[in-house]
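Worksheet for the structure shown next.
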Amino acid sequence: MKALVRSAPDQVGHYREALRRDFWFSCGYCNLAESEACGKGFQVDHYQPVERMPELDREYTNLHWSCQPCNVKKSDLPEDPERLQGYRFFCADHDDPEEHFGPGANVERIVSKTEKVGRYSLEVLDLNRRLLREVRKLRQRLYASEQTITLGLRSLQSVKLDSLPRETRLRFLEIRRDLSAASRAALEDETELLVKTLAHSALLDPDPEAKEHTAARREFLQQIRARVPST
């Protein structure tokens, strides 16, 4: 699996949206997508806590897109004694999830393959909490549906012309050829776009009227304060 590829936002105020895109609109720790969480409860997380490393407060490579539960559970951990022993959280920038995690006995749960990264992340972040288990079950159902569709397309490819009525053979060949060509040409380019679109939640998009509302709110407060005598 490829490591996370980061963009290079040129302004601090742009970090949030860049993080969302770079992390595929998903939590960098539990992989929960914004859409799966109803678009609520995602935050910018400092991988290395700023209390320990304040110089990394605005360092983009130290910022992760995180769901609120993971961010709260992560807190300022690991503490120094643990950190000095090599314990740390999974980092999408350079860690392969398949190296540290694997499927459990059922599709709902994952297990750790490593101690100081995999198990530490799994236990501290509670990566088998109920919401994540339900999400994994849903993903498995969607995957099974996709496999059924794929099987149908393969069946279409295997149909023999001589088994079809003569008057339909030419049209069948045209349809099958067009489907095959379109699938091959679009699959690679469309896959990334499709995944990002499905993971994206409009509830977390920037509000185009936010500045206007902020200015109006500030003006209203100023008017109220002007009418109220100071004490």
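Residue -1 in this note's numbering is what sits at position 9 of the sequence shown, and the numbering runs on without skipping anything.
All C-beta atoms, glycine included, are put in the ideal place defined by N, C-alpha and C.
Remember, predicted model here, so these are calculated numbers, not experimental data.
Just reading off the alpha helix (DSSP H) that residue i is part of, what are its end residues?
i    : result
Q33  : No alpha helix (DSSP H) contains Q33, which is instead part of the beta strand (DSSP E) from F32 to H36.
L254 : Nothing can be reported for residue 254, as the shown portion of the chain is limited to -9 through 221.
E113 : Y110 to V114
Y5   : Y5 to D12
Under a three-way DSSP split, which group does residue i fall into?
i    : result
G92  : strand
C57  : strand
A205 : helix
S65  : coil
S16  : strand
A23  : strand
P155 : coil
N118 : coil
P44  : helix
Give me the Cα-Cα distance between residue i and residue j, rounded to the nearest whole angstrom.
i     : j    : result
A125  : L160 : In the sequence as presented, Ala is not what sits at residue 125; that position holds Val. Those two C-alpha atoms are separated by around 44 Å.
S16   : T51  : 16 Å
H90   : P198 : 40 Å
D12   : K103 : 26 Å
L(-6) : V62  : 23 Å
K127  : N96  : 9 Å
E105  : E202 : 50 Å
R119  : D152 : 55 Å
Would you kindly check if the distance between the Cβ of residue j and the Cβ of residue i is under 8 Å?
i    : j    : result
C20  : C57  : yes
R78  : V107 : yes
Q38  : L46  : yes
D35  : L53  : yes
A8   : S25  : no
R156 : R123 : no
L117 : K64  : no
Going by DSSP, what residue range makes up the beta strand (DSSP E) through residue i?
i    : result
S102 : I100 to S102
Please check the pair residue i and residue j, which I expect to be a contact at CB under 8 Å, by giving their CB distance rounded to whole angstroms.
i   : j   : result
W55 : G31 : Not a contact, Cβ separation roughly 12 Å.
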